[in-house]
Amino acid sequence: MEVDREDGRTQNQLRPLACSRNILHRAHGSASWSQGDTKVLAAVYGPKAGTKKNENPEKACIEVIWKPKTGQTGKQEKEYEMILKRTLLSICILTVNPNTTTSIIIQVVNDDGALLPSAINAACLALVDAGIPMKHLAIAICCVAKSGYVILDPTKLEEQKMKAFAYLVFPNSVHSVLPEGSLSVQGEPIEHGIITSVTHGTMSVDDYFYCLDRGRAASVKLSDFLRRSLQQHSTDSSKAG
Amino acid sequence: MEGRLANSWRLTVNDKNFIKTALLSEIRIDGRKPYEYRKIAIKFGREDGSSEVQLGQTHVMGIVTAQLVQPYRDRPKEGILSIYTEFSPMADPSFEPGRPGELAVELGRIIDRGLRESRSVDTESLCVLAGKFVWAIRIDLHILDNGGNLVDAANIAALAALLTFRRPECSLGGEDGQEVIVHPPEIREPLPLTVHHLPIAITFGFFSNESILVIDPTHNEEAVMSGRMTTTVNANGDICAIQKAGGEGVPQRVIMQCLQLATAKAVGITKQIKEAVEVYNTERALRKIKRHPTSTSVNVREKQNQSIGK
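Chains as they are written, first to last, in the UniProt record's numbering: chain A, 1 to 241; chain B, 1 to 310.
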């Protein structure tokens, strides 16, 4: 079924992606990620000494600070911080630097739909830039489901108009030198797992599974993009000081 | 408590002595001369009223938004201008999230004084219905990277954002003319703000040797200097504000020298801001012409047992 989208994309097209690493000078790692008009800036400081009061000192701790574009931080920002923290806790190797805190600061530069997925992607890129040990990367995508068909990467208008949408985070696809070397959990390759899923609105079970399928396919494309941009950056890194 | 001390950044004694000795021969550690400003880059976001300014390594983002509110009782015919400064923890490892510290408050006050008391932004044109509805302009300044001299960079970001901001047009309606109708941007073109002049903040750093004076200190120099002064001047030669809060005492002739230097620099910076705004306005006008979206979007193919999506 053909769907008419405002900016002329088809239902399977993502917006133009752009990302850059190491844009801030004081932060240990920084990255910016933009999908169409949505742009998010992420900075990482860490590992810093000590953990917070209620955290386990035998493991590394992650702290997320979300700064909205305008206005004061409210419940929505706290929710984003919590989701981001839990997502990143599952991909970082916490046993390497015990009793340390890594702070991730997210700054929203512009919000035009799919804000949380962009922030997760930017945070992963910033963690890579800072050299924080991770098991694998997380790729986030936003899908809107409506009675049998799924629209990927909606703009803010599309998110508001549609009844239900889902933010999905998958582990990134693994390229392995050995043919059987790709990580698998109980027979299924690791990229079929879901790290995080946040849904808004009501959708049928079938719609949700359809979202997962499309989301997974999109995450493969995003993984490729991420891998290409990281490799390109490391080969032509000739910056002074 | 120890955790916080361990994370704060301190300049070593050797570094401090090196900076001071180099200044005696008029050399600064980043290769500039004492009265040279760093390179300023002004960029704008997609929406009206969002600017990003880079002053050397310092990076500041400015966002302007507007809302219809009730005016203050003692000024029923004037709009409201408010400035919020966010020292984001991403700018410096010693910035803590939460309530703004004294540096953030001081920065906000300097910029506020420069804009408000010099009447650079015309608040009377922001009045819609006297006593009932006026526009409240809110400027959010996000400090993203602390490379020194945050005041100047934040000031330029605020000015650039104000010059490119457009507020929706509104008209009075209803039976008794007391209702305000705000027109959406697609129906009526939003209006720019009336800015009479641009107050530019220029910061000077003083060192313990009386005759050493630098303009636009970096954060290394800020850790060494013993006094600072921020002068807000405009290109016409008017002094809008001067802030010298404590620190090393300086003789009068040094202050006069600073003011002359500041006026000279302000002319150059004003020109740069205006040129950047011109470029943005041209781009904005071009964007208004409907164009077919460029096909740089990424296509995602479905799984093989389903039909190929385009």
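Ideal Cβ positions, reconstructed from N, Cα and C, are used throughout, including at glycine.
Predicted, not measured: the structure shown is a model, and the values here were computed from it.
Could you check whether residue j and residue i sit closer than 7 Å to each other, using their CB atoms as the reference points?
i: LEU14 of chain A; j: ALA43 of chain A; result: no
i: VAL169 of chain A; j: THR87 of chain A; result: yes
i: ARG21 of chain A; j: ASP129 of chain A; result: yes
i: ALA153 of chain B; j: THR58 of chain B; result: yes
i: GLY114 of chain B; j: CYS240 of chain B; result: yes
i: ASN155 of chain B; j: ALA201 of chain B; result: yes
i: SER118 of chain A; j: TRP33 of chain A; result: yes
i: ARG166 of chain B; j: ASP74 of chain B; result: no
i: VAL64 of chain A; j: LYS85 of chain A; result: yes
i: ASP145 of chain B; j: ALA91 of chain B; result: yes
i: ALA276 of chain B; j: ILE42 of chain B; result: yes
i: SER120 of chain B; j: VAL233 of chain B; result: no
i: THR38 of chain A; j: ASP111 of chain A; result: yes
i: GLU169 of chain B; j: THR123 of chain B; result: no
i: GLN142 of chain B; j: GLU86 of chain B; result: First, the residue type needs correcting, since residue 142 of chain B is His and not Gln in the sequence shown. Yes, Cβ-Cβ distance for HIS142 of chain B and GLU86 of chain B is below 7 Å.
Could you check whether the Cβ of residue i sits closer than 7 Å to any Cβ belonging to chain A?
i: ASN155 of chain B; result: no
i: ASP216 of chain B; result: no
i: SER208 of chain B; result: no
i: ILE63 of chain B; result: yes
i: GLY49 of chain B; result: no
i: ARG46 of chain B; result: yes
i: ASN146 of chain B; result: yes
i: MET256 of chain B; result: no
i: ASP140 of chain B; result: yes
i: ILE27 of chain B; result: no
i: ASP92 of chain B; result: yes
i: GLN178 of chain B; result: no
i: GLN57 of chain B; result: yes
i: PRO184 of chain B; result: no
i: PRO100 of chain B; result: no
i: SER82 of chain B; result: no
i: PRO190 of chain B; result: no
Indicate whether at least one CB of chain B lies closer than 7 Å to the CB of residue i.
i: LEU24 of chain A; result: yes
i: THR70 of chain A; result: yes
i: TYR45 of chain A; result: yes
i: THR110 of chain A; result: Inspection of the sequence shows that residue 110 of chain A is occupied by Asn rather than by Thr. Interface residue, yes.
i: ALA27 of chain A; result: yes
i: ASP224 of chain A; result: no
i: LYS146 of chain A; result: no
i: LYS78 of chain A; result: no
i: GLU6 of chain A; result: no
i: ILE105 of chain A; result: yes
i: ILE65 of chain A; result: yes
i: ALA240 of chain A; result: Note that ALA240 of chain A has pLDDT 39, beneath the 50 cutoff, so the model's placement of it is unreliable and the number below is only indicative. Not an interface residue.
i: VAL40 of chain A; result: no
i: ARG228 of chain A; result: no
i: MET203 of chain A; result: no
i: ASP129 of chain A; result: no
i: SER237 of chain A; result: Its pLDDT being 46, under 50, SER237 of chain A is placed unreliably in this model, and the value from its coordinates should be taken loosely. For SER237 of chain A, the answer is no, since every Cβ of chain B falls outside 7 Å of its Cβ.
i: MET1 of chain A; result: The predicted model places MET1 of chain A with a pLDDT of 49, which falls under 50 and marks its position as unreliable; any figure quoted below should be read in that light. For MET1 of chain A, the answer is no, since every Cβ of chain B falls outside 7 Å of its Cβ.
Sort out for me which residues DSSP pairs residue i with in a bridge.
i: ASN110 of chain A; result: A:LYS39
i: PRO171 of chain A; result: A:ALA138
i: ILE80 of chain B; result: B:ALA136
i: residue 270 of chain A; result: Not covered by the structure: residue 270 of chain A. The range shown for chain A is 1 to 241.
i: HIS59 of chain B; result: B:GLN54 and B:ASP145
i: GLN243 of chain B; result: B:THR230
i: PHE204 of chain B; result: B:ILE215 and B:MET229
i: THR101 of chain A; result: A:LYS48 and A:CYS61
i: GLY29 of chain A; result: A:VAL44
i: PRO97 of chain B; result: BP columns for PRO97 of chain B are empty, so no partner.
i: VAL64 of chain B; result: B:ILE139
i: CYS19 of chain A; result: A:TRP33
i: LEU191 of chain B; result: B:ARG167
i: ALA145 of chain A; result: A:VAL150
Return the residue from the list the options that minimises the CA-CA distance to residue i.
i: LYS274 of chain B; options: B:GLN243, B:LEU162 and B:GLU124; result: B:LEU162
i: ASP15 of chain B; options: B:ARG284, B:ASN220 and B:ASP238; result: B:ASN220
i: ASP224 of chain A; options: A:CYS92, A:LYS53 and A:ASN121; result: A:ASN121
i: GLY28 of chain A; options: A:LEU127, A:GLU159 and A:THR196; result: Per the sequence shown, the amino acid found at residue 28 of chain A is His instead of Gly. Ranking A:LEU127, A:GLU159 and A:THR196 by Cα distance to HIS28 of chain A puts A:LEU127 first.
i: ARG9 of chain A; options: A:THR38, A:ILE151, A:ASN97 and A:LEU116; result: A:ILE151
i: GLN160 of chain A; options: A:LEU230, A:ARG214, A:ALA114 and A:ASN172; result: A:ALA114
i: ALA31 of chain A; options: A:GLN107, A:PRO57, A:LYS53 and A:ASN54; result: A:GLN107
i: PRO199 of chain B; options: B:THR164, B:GLU117 and B:THR218; result: B:GLU117
i: CYS142 of chain A; options: A:THR73, A:ALA217 and A:LYS135; result: A:ALA217
i: ASN149 of chain B; options: B:LEU11, B:SER171, B:VAL53 and B:ILE27; result: B:VAL53
i: GLY62 of chain B; options: B:GLY247, B:PRO34 and B:ILE83; result: B:ILE83
Is there a C-beta anywhere in chain C that falls below 7 Å from the one on residue i?
i: ASP37 of chain A; result: Here chain C cannot be found, since the structure's protein chains are A and B.
- prompt: What are the start and end residues of each continuous beta strand (DSSP E) run of 3 or more residues lying completely inside the region 188–224 of chain A, in chain order?
  reply: 196–200
- prompt: Which runs of the alpha helix (DSSP H) fall wholly inside the region 150–186 of chain B and span at least 4 residues, in chain order?
  reply: 150–164
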